[in-house]
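Working notes for the structure below.
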Amino acid sequence: MRLSPSYATAHFNLALVLHEKEKYPEAIEEYQSVLKLDPEDAEASLNLGCAFWDSGDLEEAAAEFKRTIDIDSDFACGHCKLGRVHFDQGNLDSAVWCVKKALRLYPECPEAHYALGLILQERRQLTAAATEYRTAIRFDPAYADPYFSFGTLLQNQGDLDGAQANYLAAIARDDHFTDALLNLGSLLYQRGDYKGALARYQEATKIEPDFADAHFGCGCAFEALGNVSEARLIYERAIRLDPDFAEPRLNLGWLLYREGDIEGALKHYREVVELDPERAASHSYHAMALQAQGAFDEAIKEFEAARLLDPEDPFCSYGLGWTYWRKGVLEKALECYQVALACDPDYSLAHFGIGVVLQQQGDVDGAIDSYRRTVALDPQHDAAFLNLGSLLMSKGEIEEAIASFNESLRLLPESSKAHYSMGHALMLKGNIGGALGCYLKAFYHTIEPTDDPPSEE
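Taking our numbering as reference, the numbering of the sequence shown is continuous, increasing by one, and the terminal residue is 938.
Right under this line is the structure:
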């Protein structure tokens, strides 16, 4: 049945239903019908502005909220909504003015306190922002948004317990709050609870099947749980949903890199550089794949680009040093490793790289010291234990060498070089039977500790 155009209330009620169902063009048309019948209807104007805002049309939303204020200059919600649109447009000064105007008109407005919290958080005034979020919650305990934003603030400050409590509170008040589910998943992932993270990400994708960020989170969780094939499928799905989303391409490239598909990895890394050229990781991952292909000069350019973008990231300098090492330019390699340590004195990869260079230059004591630092910082570094054992053995420190070889074999039991070195150490001790056993294992095993630079996932 067609609605009579004279029934403004009917148009308004229909608009509300359409708006709730996220049918924004139809809702906008119905709100506009109300305003044709009653141009002074401030509530219809406000809702029309919200429909424009929800549809992503910030300019039309701002224009409509200004019209709302023209109709009723004391309508606090109109000032608040206009402030939030200005915030989304990046105009923080105008946003503050509008939100404070709303609070002068209605000091207990929860949304205005929440909006002010967002602005203060953006300006890094975090204590004041937290106060505004708490105030918004006090005035409206059922309002989900302040819990969510307070959670992000706390998570960024490292208060994971507080953040988790606030995300759960937001979800309890709005069980379709996909951004809260996403952030809770990320927090659980950060805590190493990969199964819990996966459950939250999957919950978000059920509510919003085209939510690329949540699919990406699922991929990360599957990868962390060791299900690489499923992770790959989900990264590909995230890319299909959002072709401009760099993160899943980065991770997919890394999966291919680890599997030895360097061409496949390079394809994704090139796309990442195009999509996100101002991000250091885009260039450093691309450089790793170029280095693996033997394109050292191109890799050097990419690592240098990464270092310019993020000079404090030790991996950029470390990767550049490793590339110079593979080119045989030892002094440049050493210089880059030292820059990496200036960024982070506990960066184990740089200590290992320095050890390799010093060992090649004949500085046995210096290399031993670097390898000792490496394994102290990273007890899982099998190659450092192997190299340390070899140098200790060359100095006649057989017992300590054997201990290092044992650690290397514990971490990589099929390393032929570690078995061979252990056999040599046992031979020097006079343990002929033990030595022969190790030599036989060395003959049958072919896996070696890698000299490739590990990536920081």
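Every residue gets a Cβ at the ideal spot worked out from N, C-alpha and C, and that includes glycine. In this text, all values refer to a predicted model and were calculated from it rather than measured experimentally.
Considering only 755, 760 and 730, the residue with the shortest C-alpha distance to residue 746 is 730.
Closest in alpha carbon position to residue 557, among 585, 575 and 536, is 585. With fewer than 16 other beta carbons inside 10 angstroms of its own, residue 672 counts as exposed.
Measuring C-alpha to C-alpha distances from residue 798 to each of 751, 834 and 775 identifies 834 as the nearest. Here the region 851-866 makes contact with the region 881-893; the two share three or more CB pairs at distances below 8 Å. Going by beta carbons, residue 906 and residue 879 fall inside the 9 Å limit. Around the beta carbon of residue 498, a 10 Å sphere encloses fewer than 16 other beta carbons of the protein chains shown; the residue is thus reported as exposed. Contact check for residue 828 against residue 795 passes: the beta carbons are separated by less than 9 Å. Residue 539 is positioned such that its CB atom lies closer than 9 Å to that of residue 566. Secondary structure at residue 554: coil, using DSSP grouped into helix, strand and coil.
For residue 552, same chain residues with a beta-carbon under 7 Å away, outside a window of 5 residues either side, are 521, 523 and 526 in chain order.
If you ignore the 5 residues before and after residue 908, its C-beta comes within less than 8 Å of the C-beta of 916, all in its own chain and listed in chain order.
The Cβ-Cβ distance between residue 545 and residue 530 falls below 9 Å. Judged by beta-carbon spacing, residue 602 lies beyond the 9 Å limit of residue 593, meaning their Cβ atoms are not closer than that value. The three-state secondary structure of residue 896, taken from DSSP, is strand. DSSP, read as helix, strand or coil, puts residue 862 in coil. A residue is called buried once 16 or more other Cβ atoms fall within 10 Å of its Cβ, and residue 605, having fewer, is exposed. Taking C-beta atoms under 8 Å as the contact rule, residue 902 and residue 871 qualify, at a distance of about 6 Å. If you draw a 10 Å sphere on the C-beta of residue 627, you find 16 or more other C-beta atoms in it, and that means buried.
In the same chain as residue 623, and ignoring 5 residues on each side of it, the C-beta atoms closer than 7 Å to its own belong to 654, in chain order. Check the Cα spacing between residue 550 and each of 542, 559 and 813: the tightest is with 559. Taking a C-beta distance under 9 Å as the contact criterion, residue 832 and residue 852 qualify as a contact pair. Taking the C-beta atoms as reference points, residue 696 is found nearer than 9 Å to residue 718.
When the Cα atoms are used, residue 548 and residue 517 turn out to be separated by approximately 14 Å. Remark: C-beta atoms of residue 663 and residue 698 approach each other more closely than 9 Å. Between the alpha carbons of residue 580 and residue 536 lies a distance of about 22 Å. Taking the Cα positions, residue 859 is about 46 Å away from residue 616. Contact check for residue 659 and residue 685: beta-carbon distance about 4 Å, within the 8 Å limit, so the pair qualifies. Per DSSP, reduced to three states, the secondary structure at residue 494 is helical. With a cutoff of 9 Å on beta-carbon distance, residue 892 and residue 881 are scored as not near each other. Taking every protein chain shown into account, the CB of residue 501 has fewer than 16 other CB atoms within 10 angstroms, so this residue is exposed. For residue 665, the enclosing alpha helix (DSSP H) begins and ends at 659-671.
Exposure of residue 789 is indicated by the presence of fewer than 16 other C-beta atoms within 10 angstroms of its C-beta.
In the three-state DSSP reduction, residue 758 falls in the coil class, being neither helix nor strand.
Apart from sequence neighbours up to five positions away, the residues of its chain that approach residue 770 with a beta-carbon distance below 8 Å are 734, 738, 743, 746, 747 and 750, ordered along the chain. Secondary structure of residue 810 (DSSP, three-state): coil.
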